[in-house]
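In this note's numbering, the protein residues as written are 10 to 278. The beta-carbon is built from N, C-alpha and C at its ideal position, and this holds for glycine as well.
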């Protein structure tokens, strides 16, 4: 595991130290993943610094922006793509923050030839004149499975029907709700915020007489809240401690939904 900083982002110097240690041990590092919005904490790895390291050591750099990459649709949040120019590949998921049905991933690679060289197969029954002349892109060569669903159709319809303005409104609304929710949490001394929250993920936990007591109370709170079937929270672990993830991404989620969920947590705490 690579060391992280106080915001749970990867420490670039620690990454390079590990690369050098692996090489000295006779290993061959070849791939690094930088996350733009880590699932557990929402942390953003320093991709500009990481990219400089991967270029220096000739490693493939993938940027995983599963949910938070979508924020770039709103101009003021384009910083979520900082360092992306150094990436060899990138992905983000419209099904997580654009209201597109599961599953739908956007994948980009700077070096298509390397990807195809590693994954393409061409038995006689898969040959086609269009693919061999380059007239058509055969996406089976971009993945391990041979077949794939027509995921782009639902994304096309969503964009065609709504336009980008609707997605931008959703992003801005959810981020505002999250920041307002953080203010409410900060006013209740029984709770603490466990990670920075620049976008739509808020990580909180109950305080306790000891760290172990706080873990027990937080886990019980998550179970009690989910048992009501009016909300659904997921649990994660940060620095070895139980944390409740308040993730706001539903297309129809508004401020009153978040405030109601927060009221439920307070009543159960």
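- Distance between residue 55 and residue 19, taken at the CA atoms: about 7 Å.
- In the three-state DSSP reduction, residue 192 falls in the helix class (H, G or I).
- Sixteen is the threshold: when 16 or more other Cβ atoms of the shown chains lie within 10 Å of the Cβ of residue 97, as they do, the residue is buried.
- According to DSSP, residue 99 shares a beta bridge with 72 and 117.
- The secondary-structure analysis by DSSP pairs residue 250 across a beta bridge with 247.
- Rounded to whole angstroms, the gap between the alpha carbons of residue 124 and residue 87 is 27 Å.
- Closest option to residue 224, judged by alpha-carbon separation, among 82, 250, 48 and 95: 250.
- As the crow flies, the alpha-carbon of residue 60 is around 7 Å from that of residue 92.
- Non-local C-beta neighbours of residue 63 in its own chain, meaning closer than 6 Å and more than five positions away in sequence, comprise 41 and 70, ordered along the chain.
- Of the candidates 17, 94 and 260, 94 places its Cα closest to the Cα of residue 120.
- By the Cβ criterion, the stretch 224-233 is in contact with the stretch 271-278, since at least three pairs of Cβ atoms, one from each stretch, lie closer than 8 Å.
- For residue 67, no pairing in a beta bridge is given by DSSP.
- Taking a contact as a CB-CB distance under 8 Å, the pair residue 202 and residue 213 counts as one, their CB atoms being some 6 Å apart.
- When only Cα atoms are considered, residue 118 and residue 99 end up about 6 Å apart.
- In this structure, the CA atom of residue 22 is about 27 Å from the CA atom of residue 210.
- Excluding five sequence positions before and after residue 79, the CB atoms of its chain that fall closer than 8 Å to its own CB belong to 101, 102, 103, 105, 106, 107, 176 and 180, given in chain order.
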